[in-house]
Structures are given as structure tokens and as C-alpha cells.
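Trainee: Handing you a structure now.
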Amino acid sequence: MKKSLVVWILGCLTFLAGLHTFDAVLCFASSNNAGSLLGLYPFSDEISQVAENVGIGAYFWLSLVATFAFMGVTCCFAFYDPVLSYVKRVVSETKIDDVQTDARLDSELTALSMINESLTNQGTLLNTVKGELDFVKDGITAIKIDAARLRSKMQGLETDLARLRKCPACGKNVVPEFRFCPHCGEKLSLYVLVRQVPKQDSQLVKTISN
């Protein structure tokens with residue numbers, strides 16, 4: 260309502276200024292020193308006296324400048340839309356926020372990409388280390404198996420060495436720690452271990468050098 264009233268008042272002033280401009284043109288044509296419209300106002304005699312002193316040229320230019328001035332102000336008020344201005348301001352602020360948000364998102368995406376790449380590299384490294392650990396584990400397991408087999412063989416060898424051996428000269432049993440036969444004095448550089456087999460009466464003979 261206020262905007263409509265202001266536009267109406269400014270429109271009337273613009274119209275009056277245009278009439279005075281046209282009146283000044285008519286004064287040029289009739290060689291009248293005072294405009295005919297000036298006589299319609301209150302205190303017309305004083306106004307006509309002032310117009311005669313100013314001159315028709317100044318009256319014309321003042322009327323023309325006033326016409327364009329009032330027209331410009333009227334257009335500004337007529338085409339000013341506060342709602343549209345508010346919407347434009349909101350849209351502008353939203354665009355600025357979107358630009359800032361996009362920049363922040365780009366930086367965060369860059370950081371996430373770097374973190375993802377780092378995690379990928381670490382995962383590859385961990386898989387490599389895991390493969391090497393599995394290989395080492397398999398090697399340790401094989402070593403344990405070989406050690407168990409060797410231990411079993413050593414235990415069997417110790418058991419065989421702990422048994423009595425037979426002198427090749429006199430044929431009597433000799434303790435494994437002796438290097439000479441206590442019965443005949445023969446040097447036991449070669450000796451024979453005698454192992455009793457429960458299911459058979461035969462003997463298994465092994466020849467071992469010192």
C-alpha cells in the first residue's frame with residue numbers, strides 16, 4: 260500500500276513536470292515570457308513574476324530536468340520488489356555457501372583419497388609381510404619336523420650304541436665304551452652291534468667306524 264501511494268504521487272509529479280515542459284515549449288512558440296500553467300497555482304502573480312525574471316529558457320530546462328528526475332525516481336519505486344530482492348540476496352548467499360561448501364568438500368575428498376591410497380599401500384605391504392610370515396612359518400614347521408626326525412634317529416642311534424658290541428676276534432660281548440677287548444686285547448676299530456629281534460632268532464648286524 261505504501262509503495263503504491265509513493266508511486267502514485269511520484270507519477271503525478273512526473274506528469275506535472277512534463278506539462279510544464281510542454282508549457283515552456285508553447286511559451287517559446289508564442290513568445291510569452293511566463294507559462295500559462297503557472298497562473299493555475301496559488302500565488303500565481305508572484306510565481307509569474309519569478310518566471311519572467313528567470314526566463315523561458317531556464318523554465319524549459321528546469322521543467323525538463325524535473326520531468327526526467329521524477330520519472331527516474333518513479334521507475335525505481337515502481338520496479339523495486341523487496342521480495343525479489345530478498346530472493347536474489349538469498350540465492351547469492353546460497354551460491355557463495357555452495358562455492359565454499361564445494362571447496363571444503365574438494366579438500367576433504369582429497370584428504371580421503373590420500374588416506375585411501377595410504378591404506379591401500381599399507382594393505383599391500385601387510386599382505387606381503389603376511390606372505391613372508393607364512394613362508395617363514397612353513398619353514399619353521401619343516402625345521403621342526405626335520406628336528407623331530409633327527410631327534411628320533413639320534414635316540415635310535417644312542418639306543419643302538421648303548422647295547423653291547425661283539426669282539427670280532429674272540430666273539431665275546433664288549434661294553435661300547437671299550438676300544439680294546441678286555442678278553443683278548445684286540446683293538447676294536449670296527450665293532451658290531453648286536454640287536455635282538457623279538458619275533459626272529461636272527462641278529463641284525465651293523466658295522467660302524469669310529
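With the sequence shown counted from 1, adding 259 to any position gets you our numbering.
Here a beta-carbon is modelled for each residue, glycine too, at the ideal position from N, C-alpha and C.
In this text the structure is predicted, and so the values were computed from the model without any measurement.
Would you mind listing the alpha helix (DSSP H) stretches within the segment 314–344 that are 4+ residues and don't spill past its ends, in chain order?
Mentor: DSSP runs (the alpha helix (DSSP H)) wholly in the segment 314–344: 315–338.
Trainee: Taking C-alpha atoms, which residue in 339, 281, 286, 395 lies nearest to residue 266?
Mentor: For the purposes of this step, residue 266 is taken as residue 7 along the sequence shown, with counting starting at 1. Of the listed residues, the one whose Cα sits closest to residue 266 is 339.
Trainee: Comparing alpha-carbon positions, which option in 425, 368, 383, 325 lies nearest residue 274?
Mentor: As a working note, residue 274 is residue 15 in the sequence shown. With distances taken between Cα atoms, residue 274 lies closest to 325.
Trainee: Is residue 262 closer than 8 Å to residue 329 when the C-beta atoms are compared?
Mentor: As a position in the sequence shown, residue 329 is number 70, starting the count at 1. As a position in the sequence shown, residue 262 is number 3, starting the count at 1. Against a cut-off of 8 Å, the Cβ pair of residue 262 and residue 329 comes out as no contact.
Trainee: Measure the C-alpha to C-alpha separation of residue 415 and residue 447 and round it to an integer number of angstroms.
Mentor: Along the sequence shown, one-based indexing puts residue 415 at 156. Along the sequence shown, one-based indexing puts residue 447 at 188. Those two C-alpha atoms are separated by around 22 Å.
Trainee: Can you pull the DSSP bridge partners for residue 432?
Mentor: Position 173 of the sequence shown, counted from the start, is the residue given in the question as residue 432. DSSP output for residue 432 lists 425 as bridge partner(s).
Trainee: Return helix, strand or coil for residue 439, following the three-state DSSP convention.
Mentor: The residue you call residue 439 lines up with position 180 of the sequence shown. Three-state result, residue 439: strand.
Trainee: Counting along the chain, where does the alpha helix (DSSP H) carrying residue 444 start and finish?
Mentor: Taking the first residue of the sequence shown as 1, we reach residue 444 at position 185. Note, residue 444: premise wrong, no alpha helix (DSSP H); not H, not E.
Trainee: Do residue 315 and residue 287 have their C-beta atoms closer together than 8 Å?
Mentor: Position 56 of the sequence shown, counting from 1, holds the residue named residue 315. Position 28 of the sequence shown, counting from 1, holds the residue named residue 287. The answer is yes: Cβ separation under 8 Å.
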